[in-house]
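Report on the structure given below.
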Amino acid sequence: MSFLEVRDLHIALGDFQLRGITLDLEQGDYSCIIGPTGAGKTILLECLIGFYRPDRGRLVLEGRDITGMAPEKREIGIVYQDYALMPHMNVFENIDYGLRKKEPDKSVREQAIREMTASLHINHLLEREPTTLSGGEQQRVALARSLVVRPKLLLMDEPFSALDPGTRRSMRRMMREVIGRYGTTVIHITHDLDDAWSLADKVAFFRDGELNQFGGLDEIFHRPANRFIADFVGVTLLDGVVLDCSDGATTVKVDGFALESLDEAEAGAKVRVAVRPENIIVTKELPRYISTQNRIEAELEEMDTECNRCVLTLRAGKTRISVLVTNNALEQMEVTPGDKVYALIKSANVSLV
Amino acid sequence: MQRINPFKIILVTISLIVTGILVLAVGSLFLVPTWSDVWTNLFSKEMQFSLQLTLWTGGISASLVLLFALPIGYTLSRFDFPGKGLAKTIMDLPIAFPELVLGLCLLLVFGNTPLGKGLEKLGFQVVFSKTGVVEAQFFTALPYAIRIMKSTFDYVPQRLEFVSRSLGYSSFETFRKVTLPLARNGILAAAVISFARCIGTFGTVLILAGGTYMKTETLPITLYLNMSYGNMGMALTSGVILVLVSFIAIFIVEKTEVGV
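Chains A and B, in that order, give the protein sequences. Counting from 1431, one number per residue, gives the positions in the first sequence under this note's numbering. Counting from 11, one number per residue, gives the positions in the second sequence under this note's numbering.
This is the structure in structure tokens:
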């Protein structure tokens, strides 16, 4: 029996729907849900918390069927993107709101609130009105309000997407600390893959109301189940045929070149090869001493700069490969589109899907 | 130099002309009567009766209106149910209805009918009575209050209610602790508008309660009766009081910043 069991969940709400969702979480798991807009991610949260009743299926939390239970009985907390702080209460009253329902003793409550706000660095804001706070501060208040009642499960709907990148980073750091200390089980919807990278133990990928893939962080980001997920998480996915498998290394033939992987597969089998863009090194000339097993000669087709890094699109035969390099590295390389380059990939970074 | 925009000039001119006429019309109500006359009329027996009847019926009606507009406004804002569209239209109907027709409809329902007779047995004589005044005012003002309450609740984010539920509060507790406090301004606006509508109701009261001298005589009825006797002083005095109440009502509503 898992901590949270979602069994064959179906619900249709206007344009949004979920079909046949089955999912298991263990206590203390931090799961991120990713997927394109309209995939039904938010409806899943609102079914879990009890605002909508599923058309079919069951929700079980700690062995208790909560499918039809009133939201106030479920002990599940929620944090929204727009913070949803009560505008008619100050910060202290907001955080105290849920707690005073559970704990009649005011001094006990105050103690709990001081501890919680200290760990989120908002203890100096207790007397302030929510509208006078910055986005990051409001989100920490919302988080404190949800966590201080020690929910069994904490749901977060794109909690950081309205924050600037710097605040987002410090929020992630704080989340890791606080969630770690309280051992809360979390489901966190996000569009920002960095949230998943820095916080998640498990990742669920939703698309068109269905759960496409659910697994460890590594699984989704290194072995995406289909091309759509691969594109979404930025992995290059190539179709190939296994040529040979011996001495712990597998050679796969992919459109004109061969790739070596440490994953095992049978010779002759059709496989997909997944390579993450940050695991590829690009050079203009082959170094004399080289430890990487895979060397691919390619043409640099496009360069797209994003923030402080650049996505290079290489072309080898008919195959396109994305590579992520820092702008610094790019400057030192002095390449322009049309140049001949080499892509170097370690066998350990070539996954067979 | 800014270019002259004829379109803008024409529109502003039209707005100013109409506003000017209105100011003139309302202003004359205050300029025509002599103040000593208004003062004397105010303490006449008829005016005292009318004023008192208007205030207490208006108070009761407005309270009843609020009592019903709150749940109905919340229902229309939050819940989906079969026939919701129809219910909304029907409840809005009296806004477009002439008051006289509304009065006639109520008379047909509560007059010499089983419903009217049943109520009479219970001690509520609706037609041609003070109860009728309250009822007429209630149905005239209710649609306005429902509208204000619905739009007020529309502006209270449902997410706040969701969060409150997730923190252990039932739906009724959430309504009391989150929704109602946040709807405070709207409730105030609805109360003021309802009161102003109630004490100004004329046609509905006239048909349902009958405009009887010193019996079902509210301020608009006083104005009407005295106009027909040619007693301008009394008519103007009731007019002045009604306009003053409207001014105060609009002023308070503007302060609450509720979209009506």
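We treat Cβ as the ideally placed atom computed from N, Cα and C, and that holds for glycine.
Beta-carbon neighbours of residue i, restricted to chain B and to distances below 7 Å
{"i": "V1663 (chain A)", "result": "Result: empty, since nearest Cβ-Cβ is about 29 Å, beyond 7 Å."}
{"i": "V1682 (chain A)", "result": "Simply none; closest approach about 49 Å."}
Chain A residues whose Cβ lies nearer than 7 Å to that of residue i
{"i": "Y179 (chain B)", "result": "E1502 and K1531"}
{"i": "S176 (chain B)", "result": "I1479, P1501, I1506, G1507 and I1508"}
{"i": "V188 (chain B)", "result": "M1516"}
{"i": "P92 (chain B)", "result": "The contacting residues do not exist; P92 (chain B) stays about 17 Å from chain A at best."}
Chain B residues whose Cβ lies nearer than 9 Å to that of residue i
{"i": "E1499 (chain A)", "result": "In the sequence as presented, Glu is not what sits at residue 1499 (chain A); that position holds Met. Simply none; closest approach about 11 Å."}
{"i": "G1528 (chain A)", "result": "V173, S174, S176, L177, G178 and Y179"}
Straight-line gap, residue i to residue j (C-alpha atoms, nearest Å)
{"i": "G1450 (chain A)", "j": "A1746 (chain A)", "result": "40 Å"}
{"i": "Y154 (chain B)", "j": "G68 (chain B)", "result": "15 Å"}
{"i": "L32 (chain B)", "j": "V119 (chain B)", "result": "38 Å"}
{"i": "E1694 (chain A)", "j": "M1499 (chain A)", "result": "47 Å"}
{"i": "F1658 (chain A)", "j": "P1466 (chain A)", "result": "10 Å"}
{"i": "V1608 (chain A)", "j": "A1574 (chain A)", "result": "10 Å"}
{"i": "L1489 (chain A)", "j": "E1435 (chain A)", "result": "6 Å"}
{"i": "L39 (chain B)", "j": "V250 (chain B)", "result": "7 Å"}
{"i": "M1519 (chain A)", "j": "E1557 (chain A)", "result": "10 Å"}
{"i": "S73 (chain B)", "j": "S204 (chain B)", "result": "9 Å"}
{"i": "S256 (chain B)", "j": "V263 (chain B)", "result": "10 Å"}
{"i": "V270 (chain B)", "j": "E145 (chain B)", "result": "Summary for V270 (chain B): the model assigns pLDDT 48, below 50, so the residue's position carries little reliability, and this model does not support an answer."}
{"i": "V215 (chain B)", "j": "T99 (chain B)", "result": "23 Å"}
{"i": "T222 (chain B)", "j": "I19 (chain B)", "result": "50 Å"}
{"i": "L252 (chain B)", "j": "I209 (chain B)", "result": "8 Å"}
{"i": "T1547 (chain A)", "j": "N1553 (chain A)", "result": "5 Å"}
{"i": "V1646 (chain A)", "j": "D1622 (chain A)", "result": "First, the amino acid is wrong: residue 1646 (chain A) is Gly here, not Val. Spanning the two alpha carbons is a distance of roughly 17 Å."}
{"i": "L1730 (chain A)", "j": "L1593 (chain A)", "result": "35 Å"}
{"i": "N195 (chain B)", "j": "E1545 (chain A)", "result": "36 Å"}
{"i": "A1660 (chain A)", "j": "Y1482 (chain A)", "result": "32 Å"}
{"i": "G1613 (chain A)", "j": "T1452 (chain A)", "result": "24 Å"}
{"i": "D1535 (chain A)", "j": "S1576 (chain A)", "result": "19 Å"}
{"i": "C1462 (chain A)", "j": "L1673 (chain A)", "result": "37 Å"}
{"i": "L103 (chain B)", "j": "D164 (chain B)", "result": "21 Å"}
{"i": "L125 (chain B)", "j": "V136 (chain B)", "result": "10 Å"}
{"i": "V1780 (chain A)", "j": "S1691 (chain A)", "result": "5 Å"}
{"i": "G213 (chain B)", "j": "I24 (chain B)", "result": "31 Å"}
{"i": "A1514 (chain A)", "j": "L1563 (chain A)", "result": "13 Å"}
{"i": "I1464 (chain A)", "j": "P92 (chain B)", "result": "36 Å"}
{"i": "I197 (chain B)", "j": "T85 (chain B)", "result": "15 Å"}
Reference residue i, options the options, closest by Cα
{"i": "A1701 (chain A)", "options": "A:L1754, A:L1667, A:D1438 and A:L1555", "result": "Reading off the sequence, residue 1701 (chain A) comes out as Val, not Ala. Ranking the options by Cα distance to V1701 (chain A), first place goes to A:L1667."}
{"i": "L246 (chain B)", "options": "B:L117, B:A146, B:L218 and B:V36", "result": "B:V36"}
{"i": "N1524 (chain A)", "options": "A:D1535, A:E1540 and A:S1432", "result": "A:E1540"}
{"i": "K1776 (chain A)", "options": "A:E1764, A:S1676, A:D1625 and A:T1722", "result": "A:T1722"}
{"i": "K1531 (chain A)", "options": "B:S176, B:L116 and B:V22", "result": "B:S176"}
{"i": "M224 (chain B)", "options": "B:F148, B:V111, B:I100 and B:S139", "result": "B:S139"}
{"i": "I1619 (chain A)", "options": "A:G1645, A:M1604, A:V1705 and A:S1591", "result": "A:S1591"}
{"i": "T184 (chain B)", "options": "A:V1755, A:P1595, A:L1491 and A:G1528", "result": "A:G1528"}
{"i": "A106 (chain B)", "options": "B:V202, B:T150 and B:L129", "result": "B:T150"}
{"i": "L1716 (chain A)", "options": "A:N1709, A:R1725 and A:I1710", "result": "A:R1725"}
{"i": "A199 (chain B)", "options": "B:L52, B:L116 and B:T162", "result": "B:T162"}
{"i": "G243 (chain B)", "options": "B:T29, B:Q12 and B:V42", "result": "B:V42"}
{"i": "V166 (chain B)", "options": "B:A193, B:S174, B:K187 and B:G178", "result": "B:A193"}
{"i": "R259 (chain B)", "options": "B:F134, B:A206 and B:T85", "result": "Correcting the residue type first, residue 259 (chain B) is Ala in the shown sequence and not Arg. Checking every option, the nearest Cα to that of A259 (chain B) belongs to B:A206."}
{"i": "Q62 (chain B)", "options": "B:F261, B:S248 and B:K265", "result": "B:S248"}
{"i": "Q1511 (chain A)", "options": "A:L1491, A:G1566 and A:P1501", "result": "A:G1566"}
{"i": "L1641 (chain A)", "options": "A:L1455, A:G1470 and A:Y1460", "result": "A:G1470"}
{"i": "A1442 (chain A)", "options": "A:S1432, A:I1464, A:D1454 and A:P1484", "result": "A:P1484"}
{"i": "I156 (chain B)", "options": "B:G240, B:A201, B:T141 and B:V188", "result": "B:A201"}
{"i": "L170 (chain B)", "options": "B:T189, B:E130 and B:V75", "result": "B:T189"}
Contact with chain D by residue i, beta-carbon distance below 8 Å
{"i": "L170 (chain B)", "result": "The chain labelled as chain D is not found among the protein chains of the depicted structure, namely A and B."}
Partners in chain A for residue i, counting only beta-carbon separations shorter than 9 Å
{"i": "L192 (chain B)", "result": "M1516, P1517 and H1518"}
CB-CB length for residue i against residue j, believed under 8 Å
{"i": "I1506 (chain A)", "j": "L1585 (chain A)", "result": "6 Å"}
{"i": "L1583 (chain A)", "j": "R1570 (chain A)", "result": "Contact doesn't hold; Cβ gap of about 20 Å is too wide."}
{"i": "V1671 (chain A)", "j": "V1703 (chain A)", "result": "10 Å between Cβ atoms; not a contact."}
{"i": "L218 (chain B)", "j": "G95 (chain B)", "result": "No, L218 (chain B) and G95 (chain B) are not in contact; Cβ-Cβ is about 28 Å, not under 8 Å."}
beta-carbon residue i near the ligand GTP non-hydrogen atom, thresh 7 Å
{"i": "P1534 (chain A)", "result": "Absence of the ligand GTP from the depicted structure is noted, as is the absence of any ligand whatsoever, leaving it without description."}
| query | Using Cβ-Cβ distances below 9 Å, what residues of the region 1558–1573 of chain A are close to chain B? | reply | Listed in sequence order: A1572.
| said: Under 7 Å, CB to CB, which of the residues in the region 1572–1587 of chain A have a partner in chain B? | reply: Answer in chain order: V1579.
| What residues in the region 155–168 of chain B bring their beta carbon closer than 8 Å to a beta carbon of chain A? | Answer set for the region 155–168 of chain B: P167.
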